[in-house]
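Only one structure is covered here, and it is reproduced in the block below.
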Amino acid sequence: MKDEGASNLDHIYPALGRLVVNSGFMETHLRLLVSWLADIDDASIIFDGQSVDWLTQSGQAILRELKQTKDFRLQDCERFENALARAKKLNGQRNLYVHGHWSVHNMLDDYTPRPRTSPEDHRIFYVCRSRLRRAIEEYEVAVVDVETLADQMLELVHEIDEAVHEGNILRWVVLQLDPPPTFPDELNSAALNALRRVMHKRAVRKGQDVPPPS
Numbered sequence: 001m002k003d004e005g006a007s008n009l010d011h012i013y014p015a016l017g018r019l020v021v022n023s024g025f026m027e028t029h030l031r032l033l034v035s036w037l038a039d040i041d042d043a044s045i046i047f048d049g050q051s052v053d054w055l056t057q058s059g060q061a062i063l064r065e066l067k068q069t070k071d072f073r074l075q076d077c078e079r080f081e082n083a084l085a086r087a088k089k090l091n092g093q094r095n096l097y098v099h100g101h102w103s104v105h106n107m108l109d110d111y112t113p114r115p116r117t118s119p120e121d122h123r124i125f126y127v128c129r130s131r132l133r134r135a136i137e138e139y140e141v142a143v144v145d146v147e148t149l150a151d152q153m154l155e156l157v158h159e160i161d162e163a164v165h166e167g168n169i170l171r172w173v174v175l176q177l178d179p180p181p182t183f184p185d186e187l188n189s190a191a192l193n194a195l196r197r198v199m200h201k202r203a204v205r206k207g208q209d210v211p212p213p214s
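In this text, residue positions in the sequence shown follow full-length UniProt numbering: the first is 1, and each later residue adds one.
What follows is the structure in structure tokens.
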């Protein structure tokens with residue numbers, strides 16, 4: 001049921017502002033992630049100013065290459081792939097909200113309603129957007145939907161930071177250490193477990209008598 005108090009767009013502005021700020025965070029950290037994956041000096045020259053779609057496509061292409069060239073097949077590659085796919089999906093929704101036309105009343109009879117599983121919120125609005133060679137599409141959106149998207153973007157920022165941090169540990173250890181390292185429990189992860197297996201195989205090939213990773 002629509003809240004009769006939502007008679008103007010003032011109710012949606014704070015949520016949209018939050019979304020714009022968090023999408024900027026996400027784009028910045030996504031650019032840093034792709035630059036890090038490329039492992040190129042001054043990579044910002046290539047990646048600065050590029051769109052989120054371009055960054056995600058480039059990141060996916062880099063990961064496909066890394067899987068073939070790195071002798072650790074990187075279970076954490078899946079983590080990076082998931083982050084890139086999630087960024088692309090969130091950005092698509094963000095573009096609808098940021099570039100769409102907002103209204104307190106629906107303009108189309110066949111608008112897309114909110115999913116039945118959506119959180120309850122009576123602050124209901126409508127957003128529509130024209131697309132290239134496609135008819136105008138209109139969606140029913142609640143304030144909480146925009147707030148949730150903003151929160152999901154911030155969560156992805158933290159996920160990207162954690163993935164890069166673990167990747168830095170992984171990359172540094174492979175380059176600097178010879179015997180399979182041990183890590184404290186708090187650093188236990190799929191990526192580091194994969195590293196242990198890689199380092200063990202290297203040690204075995206060199207004839208070192210080392211126990212297999214647990």
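For every residue, glycine included, the Cβ atom is placed at its ideal position computed from N, Cα and C.
Every value quoted in this text rests on a predicted model; they were computed, and no experiment measured them.
- Message: If you reduce the DSSP assignment to three classes, tell me which class Tyr97 lands in.
- Response: Here Tyr97 sits in helix by DSSP.
- Query: What did DSSP end up calling Tyr139 once you bin it into helix, strand or coil?
  - Reply: In the structure shown, Tyr139 sits in a strand (DSSP, three-state: E or B).
- Query: Using CA coordinates, which residue listed in Ile160, Ser51, His165, Glu120 is at the minimum distance from Val141?
  - Reply: With distances taken between Cα atoms, Val141 lies closest to Glu120.
- Message: Out of Asp10, Trp54, Thr117, which one is the CA nearest neighbour of Ala85?
- Response: Here the closest residue by C-alpha is Trp54.
- Task: Determine the DSSP secondary structure at Met146, reduced to helix, strand or coil.
- Result: It is Val, not Met, that sits at residue 146 in the sequence shown. The three-state reading of DSSP puts Val146 in helix, counting H, G and I together.
- Task: Starting from the Cα of Thr112, find the closest Cα among Ile12, Glu137, His105, Ile62 and give me that residue.
- Result: For Thr112, the closest C-alpha among the options Ile12, Glu137, His105, Ile62 is that of Glu137.
- Item | Presumed contact (8 Å Cβ cut-off) between Ile124 and Leu30, rounded CB distance | About 31 Å; that fails the 8 Å criterion.
- Task: Alpha carbon to alpha carbon, how far is Trp36 from Glu65? Give it in angstroms, no decimals.
- Result: Distance between the alpha carbons of Glu65 and Trp36 is about 14 Å.
- Can you name the residues that DSSP bridges to Phe47? DSSP lists no partner for Phe47.
- Message: Using the three-state DSSP reduction, which class does Tyr111 fall into: helix, strand or coil?
- Response: Coil, per DSSP.
- Item | Rounded C-alpha distance that separates Tyr139 from Arg205 | If I take the Cα positions, the gap works out to 59 Å.
- Task: Using a threshold of 7 Å, state whether the C-beta atoms of Cys128 and His99 are closer than that.
- Result: No.
- Message: How far does the beta strand (DSSP E) with Leu127 in it extend, from its first residue to its last?
- Response: Just to set this straight, residue 127 is Val in the shown sequence, not Leu. For Val127, the enclosing beta strand (DSSP E) begins and ends at 124-131.
- Using three-state DSSP, classify Arg116 as helix, strand or coil. DSSP places Arg116 in coil when its eight states are reduced to three.
- Message: According to DSSP, Arg134 sits in a beta bridge with which residue or residues?
- Response: In the DSSP output, where bridge partners are listed per residue, Arg134 has Arg131.
- Express the C-alpha separation of Gln68 and Met153 in angstroms, rounding to a whole number. Met153 and Gln68: Cα-Cα distance of roughly 30 Å.
- State the start and end residues of the unbroken alpha helix (DSSP H) segment that holds Thr24. According to the sequence shown, residue 24 is Gly rather than Thr. For Gly24, the enclosing alpha helix (DSSP H) has its first and last residue at 13-38.
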